[in-house]
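Novice: Pasting a structure below so you can have a look.
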Amino acid sequence: MINDKLLNPSSIVVVGGSEDLFKPGGKILKNIIDGRFSGSLYVVNPKHDIIQGVKSYKDLNDIPPTDLAILAIQAKYCLPAVEILVKEKNTKAFIIISAGFSETGEDGRKLENEIAELISNADGCLIGPNCIGVITKTYSGIFTTPVPKLNSRGCDFVSGSGATAVFIFESAIPKGLNFSSVFSVGNSAQTGVEEVLEYWDNTFDPDLSSPIKLIYVESIQNPDKLLHHASSLIRKGCRIAAIKAGTSEAGSRAASSHTGAMASSDSAVEALFRKAGIVRCSGREELTTVASVFFHKHLKGRNIAIITHAGGPAVMLTDALSAGGMNIPKITGEHHDKLLAMMNPGASANNPIDMIATATSEQLDKIIEYADKQMPEIDGMTVIFGSNGLNDMTVIYDLLHRKIEECNKPLFPILPSVASSQTELDYFLEKGHVNFPDEVVLGRALTKISNTPYPADEKIFLKEIDVPLIRSIIDKAPKGYLEPGVIQKLLAAADIPTVKESVVKTRKEVVALADRVGFPLALKVVGPVHKSDVGGVTLNIKSRTHLEAEFNRMIKIKGVKSVLVQRMLTGTELFIGAKYEPKFGHIILCGLGGIFVEVLGDVSSGLAPLTFNEAGSMIRSLKGYRIIRGTRGKPGINEQKFAEIIVRLSSLLRFATEIKEMDLNPLIGSPDAITVVDARIRIEK
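What follows is the structure, given as structure tokens:
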């Protein structure tokens, strides 16, 4: 319940304010004073009359009515203080920086809940407890340093961890990144990350609000709320990047399927962020680098020109971009010759465009201008330029300042000389720019952004999906693992192609079936959950003798009820799985089958129901994507059909929440078709 008294108070009281700047109450008071808060400022401290030049009251009952109270006192004193402030001082906003609440145990949780309930019943807003505070355009209400510069078009930032927020400031400030507001929500007794997102969404003004939102979260309490408001903000023109730290034990508990073993709450978060259009970052440097990219013109494609006067960083950037699916197209023909003519002997125009160490600012100017105006196949540019003693860096940085403003395409400056050219770099940052000191971090950030899809359409794909039949099959099925015949009917109801198969119980039946279908065949036992572990799978059977021998062996395996016979297919093995995760719904996993899923764990995740854009993004984010596209003379698979099966499966699951785990492994893919060869589905009712 974020309100104006929190954001723009006319009066603030610091309860527990101190002269000691090494105490939270002392430092937060100093930051408010240094931030030039223009309203009425009070302190409550029973031992002093004046603290840091501010009038101090010995008794909370004596202060005037106050909009915002910041509590820096022991947890046990907070509830009585809040009661006085709510009932006697008409206080509508509270920041409790004190620790000792729910993070300490049940007693602390009860105290925290009492305080939150008291404030909520009074239509007040509570931030914390156990947080570092809040920064708005009106006041700097945090007790830590550094205090970042505020800019109305800077980043809005919410963090579930105060210490992490400070470390993110430390990463952001040297890059030139600034902020519009900061919320450290701590224990989130009333106001958490989702509520801050809700406020940003409900109050967003494209002319006044910051278009960049950053999030650090350790626990997502309301996935639907986060999804709704994050998606809404991005559709309004915002860009959002987030770190989600911490994974659930669900990922390591025993599971009876590959999906169950691999899917966890972290997979659910990955899927949630993908659906919302949030760029997920793995650490502080990546988060602040992604945010810095957001401040540049939008990169509309994947083709990058690398302009450099140093070969090594350009090679490392090329590797980082290529690994994430970006393109550094080779420059040939007329473009190559014209660029080469602009540079000194020994330079290279292949891309990276290596101007070598003797490059001048005039040459850099011409090359940037040519790549921007004359090369439509290039979507964006990076410029790597550090100090080597041969250039006036102020001239270089002035040139980059002008080009960033003038170019139609985004231009990302990689300026690694943060020590030798610190004065010149500060001059560049003061012009409102950001710097990317590390080319590899920038490369990874660009790929993360490029691979994050736009927020998904909320409409469920239902073409040729028989929902009544799906429900009828699920309603009639017993709990546990479904029989092969039931699985075939269920997948057919969603128009998911499956290999033709039959279940046999006698040698006579299997021989008769082989005579009708022909060879090669595959045999798989029915009964044991993990067929391969019991020797229950034999592929590429090409003769009647081999067929009879394998059937006779399999039917004797403990737990085997019958044997499944399939026509052998050849192609690339693929994998699709699903697992139901509480609060999130069904997580869909996809990847290459066989060793890629079983040993390497190369999978990506999405949250049902999925769109074709989401499914395509999942496929492209796989480490083994080059195999899917085709490599070294081997054909790829039909990506569109693979994406369609993923989408159809997600729609099926939307109407069959009783399905808790599902493996389609393998599917056999070719340029023409993709077919489910083996499937395992477990339901609970």
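Sequential numbering of the sequence shown, starting at 0, is according to numbering that gives the first Met the number 0.
No residue lacks a Cβ here, since even glycine has one placed at the ideal position from N, Cα and C.
As the structure is a prediction and not an experimental result, all values here were calculated from the model.
1) Evaluate contact between the segment 626 to 636 and the segment 473 to 490, counting only Cβ atoms and requiring at least three cross-stretch pairs below 8 Å.
2) Pull up the CB-CB distance for Val184 and Val192, whole angstroms please, since I reckon it's below 8 Å.
3) Return the chain-ordered list of same chain residues with a C-beta closer than 7 Å to the C-beta of Thr163, the five sequence neighbours on each side being excluded.
4) Going by other Cβ atoms of all chains shown within 10 Å of its Cβ, with 16 needed for buried, is Pro467 buried or exposed?
5) For Gly104, count neighbouring Cβ atoms within 10 angstroms of its own Cβ and tell me buried if that reaches 16, exposed if not.
6) Please state whether DSSP places Ala92 in a helix, a strand or coil.
7) Do you know how far the Cα of Pro452 is from the Cα of Glu612?
8) Kindly list the residues whose CB is nearer than 6 Å to the CB of Lys22, restricted to its own chain and excluding five residues on each side of it in sequence; keep chain order.
9) Using a Cβ-Cβ cutoff of less than 6 Å, which residues in the same chain neighbour Tyr579 once the five nearest sequence positions on both sides are dropped?
10) With DSSP as the reference, label Val53 as helix, strand or coil.
11) What is the rounded straight-line gap between the Cα of Gly175 and the Cα of Ala358?
12) Give the range of the beta strand (DSSP E) segment to which Tyr41 is assigned.
13) If you draw a straight line from the alpha carbon of Arg552 to that of Glu572, how long is it in whole angstroms?
14) Give me the Cα-Cα distance between Ser669 and Leu651, rounded to the nearest whole angstrom.
15) Which complete beta strand (DSSP E) runs does the segment 155 to 224 hold, if anything under 3 residues is left out?
16) Report all residues from its chain with a CB closer than 6 Å to the CB of Tyr56; omit the five preceding and five following residues, and keep chain order.
17) To the nearest whole angstrom, what separates the beta carbons of Ile39 and Ala74, a pair I think is in contact under 8 Å?
18) Assuming Pro141 and Ile131 are in contact, meaning their beta carbons sit under 8 Å apart, how far apart are those beta carbons, in whole angstroms?
19) Rounded to the nearest angstrom, how far is the Cβ of Val133 from that of Leu5, given a contact under 8 Å?
20) Please report how far the alpha carbon of Glu113 lies from the alpha carbon of Met0, in whole angstroms.
21) Please return the same chain residues whose Cβ sits closer than 7 Å to the Cβ of Gly484, not counting the five positions on each side in sequence.
22) Measure the alpha-carbon distance for Asp465 versus Gln487 and round it to whole angstroms.
23) Closest by CA to Gly388, which one among Val440, His308, Lys372?
24) Which residues in the same chain as Asn350 place their Cβ atom closer than 7 Å to its Cβ, once the five residues preceding and following it in sequence are excluded?
25) Give the secondary structure of Lys582 by DSSP, where H, G and I count as helix, E and B as strand, and everything else as coil.
26) Can you grab the Cα-Cα spacing for the pair Ser208 / Ser151, in whole Å?
27) Mind the definition here: the segment 511 to 528 touches the segment 551 to 565 only if three or more C-beta pairs lie below 8 Å; say whether that holds.
28) Quick check on the DSSP output: the beta strand (DSSP E) that includes Cys124 runs from which residue to which?
29) Any contact of the segment 356 to 371 with the segment 276 to 287, i.e. 3+ C-beta pairs under 8 Å?
30) Decide if Asn343 is buried, meaning its Cβ has at least 16 other Cβ atoms within 10 Å, or exposed.
31) Name the DSSP bridge partner or partners of Gln565?
32) At least one CB of chain C closer than 8 Å to the CB of Ile366: is that the case?
33) Below 8 Å, can you find three or more Cβ-Cβ pairs linking the segment 7 to 14 to the segment 63 to 71?
34) Leaving out the 5 sequence neighbours to the left and right, which residues in its chain are closer than 7 Å to Ser101 when beta-carbon positions are compared?
35) Which stretch, first to last residue, makes up the alpha helix (DSSP H) that contains Pro79?
36) At 3 residues or longer, what runs of the beta strand (DSSP E) sit wholly inside the segment 281 to 348?
Specialist: In brief:
1) no
2) Numbered from its first residue, the sequence shown carries residue 184 at position 185. Numbered from its first residue, the sequence shown carries residue 192 at position 193. Yes, they are in contact, since the Cβ atoms of Val184 and Val192 sit about 6 Å apart, within 8 Å.
3) Sequence index remark: in the sequence shown, residue 163 carries index 164 (1-based). These residues qualify, in order along the chain: Tyr215.
4) By 1-based counting over the sequence shown, the position of residue 467 is 468. That one is exposed.
5) Residue numbering aside, residue 104 sits at position 105 when the sequence shown is read from its first letter. Exposed: under 16 other Cβ atoms inside 10 Å.
6) Taking the first residue of the sequence shown as position 1, residue 92 is located at position 93. Looking at Ala92 - three-state DSSP - the assignment turns out to be strand.
7) Taking the first residue of the sequence shown as 1, we reach residue 612 at position 613. Taking the first residue of the sequence shown as 1, we reach residue 452 at position 453. Going by the sequence as given, residue 612 is Asn instead of Glu. Looking at the two C-alpha atoms, the distance is approximately 7 Å.
8) Residue mapping note: residue 22 aligns to position 23 of the sequence shown, counting from 1. Cβ within range, chain order: n/a, list empty.
9) The residue you call residue 579 lines up with position 580 of the sequence shown. For Tyr579, where only same-chain residues beyond five positions count, the Cβ hits under 6 Å are His585, Lys659.
10) Indexing the sequence shown from 1 puts residue 53 at position 54. Reduced to three states, the DSSP call for Val53 is strand.
11) Residue numbering aside, residue 175 sits at position 176 when the sequence shown is read from its first letter. Residue numbering aside, residue 358 sits at position 359 when the sequence shown is read from its first letter. Computed Cα separation, rounded: 26 Å.
12) Residue 41 sits at position 42 when you count from the first residue of the sequence shown. 39 to 43 is the extent of the beta strand (DSSP E) around Tyr41.
13) In the sequence shown, counting from the first residue as 1, residue 552 sits at position 553. In the sequence shown, counting from the first residue as 1, residue 572 sits at position 573. Rounded to whole angstroms, Arg552 to Glu572 spans 26 Å at the Cα level.
14) For the purposes of this step, residue 669 is taken as residue 670 along the sequence shown, with counting starting at 1. For the purposes of this step, residue 651 is taken as residue 652 along the sequence shown, with counting starting at 1. Distance between the alpha carbons of Ser669 and Leu651 is about 24 Å.
15) 178 to 183, 211 to 216
16) Reading the sequence shown from its first residue, position 57 is the one you call residue 56. Within the same chain, Tyr56 has close Cβ partners Val43, Ile62.
17) Position 40 of the sequence shown holds residue 39. Position 75 of the sequence shown holds residue 74. According to the sequence displayed, residue 39 carries Ser and not Ile. So it is not a contact: roughly 27 Å between Cβ atoms.
18) Counted from its first residue, the sequence shown places residue 141 at position 142. Counted from its first residue, the sequence shown places residue 131 at position 132. In the sequence on display, residue 141 carries Ile and not Pro. Contact flag correct, Cβ pair sits at about 5 Å.
19) In the sequence shown, the residue the question calls residue 133 occupies position 134. In the sequence shown, the residue the question calls residue 5 occupies position 6. About 7 Å; that satisfies the 8 Å criterion.
20) Counting from 1 along the sequence shown, the entry for residue 113 is found at position 114. Counting from 1 along the sequence shown, the entry for residue 0 is found at position 1. Cα to Cα, Glu113 sits roughly 16 Å from Met0.
21) Stepping through the sequence shown from its first residue, residue 484 is reached at position 485. If we look at Gly484 and ignore the five residues flanking it on each side, its Cβ neighbours are Val502.
22) Residue numbering aside, residue 465 sits at position 466 when the sequence shown is read from its first letter. Residue numbering aside, residue 487 sits at position 488 when the sequence shown is read from its first letter. Approximately 14 Å, taken between the alpha carbons.
23) Looking up residue 388 in the sequence shown gives position 389. Closest option to Gly388, Cα to Cα, is His308.
24) Position 351 of the sequence shown holds residue 350. Around Asn350: Ala304, Ile305, Ile327, Pro328, Lys329, Ile330.
25) Position 583 of the sequence shown holds residue 582. Correct three-state label for Lys582: coil.
26) Counted from its first residue, the sequence shown places residue 208 at position 209. Counted from its first residue, the sequence shown places residue 151 at position 152. Cα-Cα distance, rounded: 7 Å.
27) yes
28) Position 125 of the sequence shown holds residue 124. 124 to 126 is the extent of the beta strand (DSSP E) around Cys124.
29) no
30) To locate residue 343, count along the sequence shown from 1; it is residue 344. Looking at its Cβ environment, which holds fewer than 16 other Cβ atoms inside 10 Å, Asn343 is exposed.
31) Looking up residue 565 in the sequence shown gives position 566. According to DSSP, which records beta bridges pairwise, Gln565 is partnered with Glu500, Ala521.
32) Here there is only one protein chain, and chain C is not present.
33) yes
34) As a first step, residue 101 must be located in the sequence shown, where it is residue number 102. Around Ser101: Gly107, Arg108, Glu111, Asn186.
35) Against the sequence shown, residue 79 aligns to sequence position 80. From DSSP, the alpha helix (DSSP H) with Pro79 extends over 74 to 87.
36) 303 to 307
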